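**Student:**
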Amino acid sequence: MAKQPPSSRQWQLALADLLEFRFEVRVADSEHSQTIFGLLPALVLAAGLRLYAVLRFPFLHDEPRLADGLHGIMGYGPSATVVGSWPGSFFFGGPLAGGAQNITPLWWWLDFAVLRVWPGNETLALRLPTFAFGLIGIVLFYGLARELFAPPIPALLTWLLAVDDIYLWLGTKAQFVEPAIFVAALIVAHALLVWRNRWAAFVAAGLAATAALGYFLLKGLMLTAHALAVGAAQAIWPRGDGWRFDWGLILRRAVVGVAIGLPLVGWLLAAQMYIDSNYQVRIGDVGYFHSIAKIVLALTLGYGTVAHAGQTGSPATALLYYSHADAWPTTTFLALWIVAGFGWAVWTLYARRDESRETRWHVALYIVIVIILGLAPVISKSVAGERFHMPYFAAALLAVGLVLEQLWQGAKGYALSRSVHLRRLIVLGVIIAGVALSLVRGPLDWGLTAPYSPEPYNGILQLVEAKYHPK
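One rule links them: number in this note's numbering = place in the sequence shown (from 1) + 263.
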């Protein structure tokens, strides 16, 4: 039977529930009310903040340099002599010699297409893909959270994501492909947690992982490793009745894994032929290379003995820096909640919950594996960088959701009504404080980043300082 839209009386009850913090009763439990009171306002706020930044913030940091690489693909500008001639420049020259570390070509192709369609305003055109992927990620995350958590947790998590400093910054600058990586990670998470036994879901997950590899090789490899590890663990992880091997599930996921890797292998082999014909290529600030294998090795296991801007020192320093101190307050503010959610997920796996909590068990498995695999290479490489959040950012938010859900609902028949209201006030306080901190120390304060920017490109730094720090 098709779902009926709520009546006017139901909307009145839903609004009363919202004002009185009674999210668990009547129509406020429905998908309609949670979407209208949760997703839509958060999406409007996120779009407004991003649109303001896209239109007002100057072309900064790597944006002019990468735009120059795109000009080289088109056959003009300083990079035209570096990336080579068509068609090698389109498939390999731009991605490999364009001065970035996302050496696979999908980002370059997408921005190339955008510039062809809208050549009039280059600054705005190049920022459109990250802007769009940022908003798509919010919608997809809300859809995932709604399948996994009871109301109002999905709406509250979506509010935190909508104003998250890192995610907001990455969704407004042309050079960042990470919002696309986050979207791919969410599609994979849907397949692993919601559509666990559907072929179509794993085809979609395979395409998403392949696209992630095409956008940014290193982060795509991280995402693919997460997906394969979680998929294998779901098939063989010991439960209450001991080890179980679901050979059909293992076979399906093995087929998807092979399908993910084939396009990448083909492009890498062709890229090696391009490098051989041009002797060597330079990959960002990593250095010059004669083989694609050494490029992949440098980007995955380490940069060698030379210190680079993204390295912080010891693994302990990298882990500490990865909290971003107060530079990214949403992540820092939620750090303890993420740790608590990770601990709760570990306990769920250790306790080997019964089949009645099947979905929650899969969520816990996903959180533990993805966060460990997401942080391990960053700590081992002693690399700091907010962009590495994206492959495991969804898992971190789901970990927060586990804790907030426990505070909001509690154990059945355990808590008195007064303690229930107290816990819910705590949850709402967390959300309000997180959103407020993000707005104050995030997009409203981005001008403070100008004095700490690297060397100016085309005088951009002086423009930013003059605008945000007039003397």
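Even for Gly, the Cβ is constructed at its ideal location relative to N, Cα and C. Given the structure is predicted, the values throughout are model-derived calculations rather than measurements.
Does DSSP put GLY383 in a helix, in a strand, or in coil?
**Tutor:** Locating residue 383 in the sequence shown gives position 120, where the first residue counts as 1. Note: GLY383 maps to coil in three-state DSSP.
**Student:** Give the single residue among LEU670, PRO304, LEU691 and LEU373 whose Cα lies nearest to the Cα of LEU398.
**Tutor:** By one-based count along the sequence shown, residue 398 stands at place 135. Checked all of LEU670, PRO304, LEU691 and LEU373; the closest Cα to LEU398 is PRO304.
**Student:** If you scan the region 373-420 from start to end, which runs of the alpha helix (DSSP H) of 4 or more residues do you find wholly inside it?
**Tutor:** As far as the region 373-420 is concerned, its whole alpha helix (DSSP H) runs of at least 4 residues are 385-411.
**Student:** Please name the residue in ALA496, LEU599, LYS482 and ASP427 whose C-alpha comes closest to that of LEU628.
**Tutor:** One-based indexing of the sequence shown puts residue 628 at position 365. That would be ALA496, whose Cα lies nearest to the Cα of LEU628.
**Student:** Tell whether a beta-carbon distance below 7 Å holds between VAL690 and LEU667.
**Tutor:** For the purposes of this step, residue 690 is taken as the residue at position 427 of the sequence shown. For the purposes of this step, residue 667 is taken as the residue at position 404 of the sequence shown. Yes. Within cutoff.
**Student:** Of the residues TRP371, ARG313, PRO415 and VAL377, which one's Cα is nearest the Cα of GLY664?
**Tutor:** Taking the first residue of the sequence shown as position 1, residue 664 is located at position 401. It is PRO415.
**Student:** For GLY469, does the three-state DSSP call read helix, strand or coil?
**Tutor:** Reading the sequence shown from its first residue, position 206 is the one you call residue 469. DSSP places GLY469 in helix when its eight states are reduced to three.
**Student:** Can at least three beta-carbon pairs, one atom from the region 371-387 and one from the region 417-435, be found at a separation below 8 Å?
**Tutor:** Counting Cβ pairs under 8 Å, fewer than three are found: no touch.
**Student:** Identify which residue in LEU423, GLU385, PHE445 and PHE412 has its Cα closest to the Cα of LEU403.
**Tutor:** Counted from its first residue, the sequence shown places residue 403 at position 140. When only C-alpha atoms are compared, the closest one is PHE445.
**Student:** Rounded to whole angstroms, what is the Cα-Cα separation between GLY477 and LEU314?
**Tutor:** As a working note, residue 477 is residue 214 in the sequence shown. As a working note, residue 314 is residue 51 in the sequence shown. If you take the alpha carbons of GLY477 and LEU314, they lie about 27 Å apart.
**Student:** By DSSP, does PRO368 sit in helix, in strand, or in coil?
**Tutor:** As a position in the sequence shown, residue 368 is number 105, starting the count at 1. It is coil, neither helix nor strand.
**Student:** Helix, strand or coil, according to DSSP, for THR611 in the structure here?
**Tutor:** For this step, residue 611 is matched to residue 348 along the sequence shown. Reduced to three states, the DSSP call for THR611 is helix.
**Student:** For TYR405, count the other beta carbons within 10 Å of its own beta carbon; 16 or more makes it buried, fewer makes it exposed. Which is it?
**Tutor:** Here residue 405 refers to the residue found at position 142 of the sequence shown. TYR405 is buried by the Cβ-count criterion.
**Student:** Do LEU308 and ALA425 have their beta-carbon atoms positioned less than 7 Å apart in this structure?
**Tutor:** Indexing the sequence shown from 1 puts residue 425 at position 162. Indexing the sequence shown from 1 puts residue 308 at position 45. Yes, they are a contact pair.
**Student:** Please classify MET653 as buried or exposed, where buried requires at least 16 neighbouring CB atoms within 10 angstroms.
**Tutor:** Your numbering for residue 653 matches position 390 in the sequence shown. Classification of MET653: buried, given that the 10 Å Cβ count is 16 or more.
**Student:** Just to confirm my understanding: we take TRP228, look at its own chain, exclude 5 residues before and 5 after, and list those with CB closer than 7 Å. What are they?
**Tutor:** Because the chain spans 264 through 734 in this model, residue 228 falls outside it and cannot be assessed.
**Student:** Secondary structure at LEU597, three-state DSSP: helix, strand or coil?
**Tutor:** One-based indexing of the sequence shown puts residue 597 at position 334. Of the three classes helix, strand and coil, the one that applies to LEU597 here is coil, per DSSP.
**Student:** In terms of alpha-carbon separation, which member of GLY469, ALA561 and LEU302 lies closest to ALA517?
**Tutor:** Within the sequence shown, numbered from 1, the residue matching residue 517 stands at position 254. Nearest option by C-alpha distance: GLY469.
**Student:** Under the three-state reduction of DSSP, which class applies to GLY311: helix, strand or coil?
**Tutor:** On the sequence shown, residue 311 is found 48 positions in, with the first residue counted as 1. GLY311 falls in the helix class under three-state DSSP.
**Student:** For THR367, which residues in the same chain have their Cβ closer than 8 Å to its Cβ, ignoring the five residues on either side in sequence?
**Tutor:** Numbered from its first residue, the sequence shown carries residue 367 at position 104. Closer than 8 Å at the Cβ level, and outside the excluded window around THR367, lie PRO358, LEU476, GLY477, TYR478, PHE479, LEU480, GLY483, LEU527 and TRP530.
**Student:** So LEU455 and LEU407 are in contact, right, with Cβ under 8 Å, and what is the actual spacing, rounded?
**Tutor:** Here the question's residue 455 lines up with position 192 in the sequence shown. Here the question's residue 407 lines up with position 144 in the sequence shown. Incorrect: roughly 10 Å between the Cβ atoms, too far for contact.
**Student:** How long is the line joining the alpha carbons of GLY606 and TRP458, rounded to whole angstroms?
**Tutor:** As a first step, residue 606 is located in the sequence shown; it is residue number 343 there, counting from the start. As a first step, residue 458 is located in the sequence shown; it is residue number 195 there, counting from the start. Taking the straight line joining both Cα atoms gives about 25 Å.
**Student:** Less than 7 Å between the C-beta atoms of VAL451 and ALA492, yes or no?
**Tutor:** One-based indexing of the sequence shown puts residue 451 at position 188. One-based indexing of the sequence shown puts residue 492 at position 229. No, they are not a contact pair.
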